[in-house]
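2 protein chains.
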Amino acid sequence: MTDKILLSHGSGGKLAHDLIQFSFLSAWANPILSRLDDAAVIEVKGRLAFTTDNYVVQPIFFPGGDIGKLAVCGTVNDLAMVGAIPHYLSLAFIIEEGLSLNDLEMVVNSIKQTAKTAGVDIIAGDTKVVNHGCADKLFINTTGIGTIPSGVNISGHHARRGDAVILSGTIGDHGIAVLSQREGLDFTTELKSDCAPLNGLVAEILGVSTNIHCLRDPTRGGLASILNEVAEQSGVSIRIEESKIPVREEVSSACDMLGLDPLYVANEGKLVAIVDPKDTEAILEQMRKNQYGQNAAIIGEVGEEHPGRVVMKTRLGTSRIVDVVVGEPLPRIC
Amino acid sequence: MTDKILLSHGSGGKLAHDLIQFSFLSAWANPILSRLDDAAVIEVKGRLAFTTDNYVVQPIFFPGGDIGKLAVCGTVNDLAMVGAIPHYLSLAFIIEEGLSLNDLEMVVNSIKQTAKTAGVDIIAGDTKVVNHGCADKLFINTTGIGTIPSGVNISGHHARRGDAVILSGTIGDHGIAVLSQREGLDFTTELKSDCAPLNGLVAEILGVSTNIHCLRDPTRGGLASILNEVAEQSGVSIRIEESKIPVREEVSSACDMLGLDPLYVANEGKLVAIVDPKDTEAILEQMRKNQYGQNAAIIGEVGEEHPGRVVMKTRLGTSRIVDVVVGEPLPRIC
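Sequence order for the protein chains is R and D. At position 49 of the first sequence the residue is numbered 46 (our numbering), and the sequence of numbers has no breaks. At position 165 of the second sequence the residue is numbered 162 (our numbering), and the sequence of numbers has no breaks.
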């Protein structure tokens, strides 16, 4: 017996078989996964959403989550951002030889719990092991399938002049929590990643309005990046107000100290909804009832002049252009 | 300008945007991918097949293919092994900082060509970059969706006593080709990986028989492993004959020299079909008409005694149990 992952755990042989049977299948058991054919077989109908993400966060355990929780939430959230109900995930590991089996077990259980919370089944998987030094502990890919209810038509291309920009809560929590853990910073001891599945929140706001035009979760690149993407895709400008954007005190101080701008720091449990102004209040009220939307706020609106541009009114009353990030201030945050 | 991948290529910022626009989108262009929403939206109906694989082959270029071709073929083949028609792939990169942009471009083009040959579209993607030394050049995840024609019901659970075991061609070509490249062996100069999309071949044999019970592609762990899996899943025994299994001279000599058994060496363009004996000849004849099935042969049959056991009649006339692999003789072959 071994307490570490060996190359043979990825060989397609006996150790791989045992890892799949006694760890993965026993945690994620469902009748589709348990068939273990080369592909899972499912029955679905209508419009499907399909999305993929690799997770390479370092460290793999951080305040408020771990790489397993992140891998489920991140992909569930990408499905939710086109208004889909997430159903199925595939899960593929790249493991560095020498990873402790105990750490892997913790990640496997975290995946189980988060998948249960989000209401998704893991129906396909793969495990590769690479030599020590050829990866960094554990990388995960999750790819998801969801169904889009009829009448729902949400896209980054659908922002329109006059739409309100609603943010579901504070920004920067995930990025700063991971960074603090990685660098051993101690001025953020209370801060946790906001990592959470947002499909429930999305279903609830879709229940009160059919006029939600765009949804985006501001992960890598932060709020600034997704606003720029939407401005470009929809050919509109977006104007936001700094004073309206909720930022935790700890995130704000950490950013000041580290020379970071919270607008560019990753979130894993927040969304931006760009909505018809006539439904803004109803959506905001509904959002605030959900545990992940308590601090929701209207942070700006969509305009037409200078298509592709995002402008922020600062606390000082001046205006500045919020550009896309050029370097990589926070690598391996997700 | 840079000729190498930087961390910022994975930041969600400007360099990442340019890489996606000018490299990935221009190579793989299709209207679904080009939307660049958080999830792709597709219309599908009926029974779907869904499968995922990580590819970590080392080196990333080898005789007969590269990691990009492999990533498309491997996932297309897993869909084909449940009788599905492959339609869509997601493609997610983990890139080591410092990878040459030229190498990445070659892989991107290889993906384009192979996807075209296999008739699949890449509709979702992700790119992560990790620091130098935290990955080994390039890892790829592909996850695929296919549709299963009505009446097709293929599974490793469906092998029945009396079924014939057909192998579509020579074994061990991929594993030995990759190993030779990696170790600089020069006695296999003519040998190429068999890496190929098998969905055409599968569609053709499904055209001549509705009595194909199982299909498997003998990748990691080789022919021995997939026969053991099917024997276990179907609760049957499988008897094969060594003299009937096609092995190239070069593979055979390389295996002798390296102490490897070709039964355990990976293939990436071969399949095993377990079929009703009354259709064996029709299927074999059809298979041999396809470029990837020219050397197809009946290599054994399914029995009932000792469920889960695979037995081989050797060239010497004796019988031996063909067990699952225990160690990992050939890491990172796929």
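Backbone N, C-alpha and C fix where the C-beta goes; we use that ideal spot for every residue, glycine too. Everything numeric in this text was worked out from a predicted model, so none of it was measured.
When Cβ pairs closer than 8 Å are counted between the two stretches, the region 85 to 105 of chain R is seen to touch the region 134 to 144 of chain R, the count reaching three or more. By the 16-neighbour rule on beta-carbons within 10 angstroms, residue 19 of chain D is exposed. With contact defined as three or more Cβ pairs closer than 8 Å, the region 101 to 108 of chain D and the region 58 to 68 of chain D are in contact. For residue 70 of chain R, the nearest beta carbon of chain D is not closer than 9 Å to its own beta carbon. Secondary structure in the region 72 to 137 of chain R: the beta strand (DSSP E) runs of 3 residues or longer, each lying completely within the stretch, are 82 to 93, 118 to 127 in chain order.
Of the other Cβ atoms in all chains shown, fewer than 16 fall within 10 Å of the Cβ of residue 40 of chain D; this residue is therefore exposed. At the C-beta level, residue 224 of chain D and residue 162 of chain D come within 9 Å of one another. Annotation for residue 87 of chain R: 121, 140 place their beta carbon closer than 6 Å to its own, counting only its chain and skipping 5 residues before and after. The C-alpha of residue 260 of chain R is placed about 15 Å away from the C-alpha of residue 247 of chain R.
Taking all protein chains in view, the Cβ of residue 187 of chain D is surrounded by fewer than 16 other Cβ atoms within 10 Å, so the residue is classified as exposed. When DSSP states are grouped into helix, strand and coil, residue 241 of chain R belongs to the helix group.
If you look at residue 277 of chain D, you'll find it in the alpha helix (DSSP H) that goes 277 to 285. The straight-line gap separating the alpha-carbon atoms of residue 307 of chain R and residue 201 of chain D is approximately 54 Å. Considered as a whole, the region 221 to 267 of chain R harbours 234 to 238 as its complete beta strand (DSSP E) runs of no fewer than 3 residues, in chain order.
Inter-residue distance for residue 71 of chain R and residue 287 of chain D is about 42 Å (C-alpha atoms, whole angstroms). Interface flag for residue 309 of chain R against chain D is unset, since no Cβ pair is found closer than 9 Å. Straight through space, the alpha carbons of residue 303 of chain D and residue 154 of chain D are spaced by roughly 16 Å. Contact between residue 125 of chain D and residue 53 of chain R holds: CB atoms are separated by about 5 Å, below the 8 Å threshold. Look at residue 55 of chain R: its C-beta is under 9 Å from a C-beta on chain D. Residue state for residue 20 of chain R is assigned as helix, using DSSP reduced to three classes. Taking a cut-off of 8 Å for Cβ pairs, the region 146 to 160 of chain D and the region 225 to 237 of chain D touch, as three or more such pairs fall below it. About 6 Å separates the beta carbons of residue 168 of chain D and residue 242 of chain D, which is inside the 8 Å limit, making them a contact pair.
In summary, residue 146 of chain R is exposed, with fewer than 16 beta-carbon neighbours lying within 10 Å of its beta-carbon over all protein chains present.
Each of D:238, D:309, D:313 was checked against the Cα of residue 319 of chain D, and the nearest Cα belongs to D:309. At least 9 Å separates the CB of residue 252 of chain D from every CB of chain R. Look at the region 282 to 327 of chain D and you find these whole runs of beta strand (DSSP E), each 3 residues long or longer: 294 to 300, 307 to 310, 316 to 318.
With at least 16 other beta carbons inside 10 angstroms of its own, residue 6 of chain D counts as buried. Assigned with DSSP and collapsed to three states, residue 211 of chain R falls in strand. Each of D:197, D:237, D:208 was checked against the Cα of residue 290 of chain D, and the nearest Cα belongs to D:197. Interface annotation, residue 4 of chain R: in contact with chain D, CB-CB separation under 9 Å.
For residue 295 of chain R, the CB contacts under 6 Å within the same chain, skipping 5 residues up- and downstream, are 161, 163 in chain order.
Distance from the Cα of residue -1 of chain D is smallest, within the candidate group D:272, D:8, D:16, for D:16. The beta carbon of residue 326 of chain R lies closer than 7 Å to those of 257, 261 in the same chain, with the five residues before and after it left out. The Cβ of residue 78 of chain D sits closer than 9 Å to at least one Cβ of chain R. For residue 24 of chain D, none of the residues of chain R pass the 7 Å Cβ criterion, the least Cβ distance being about 17 Å.
For residue 316 of chain D, not one C-beta of chain R is nearer than 9 Å to its own C-beta.
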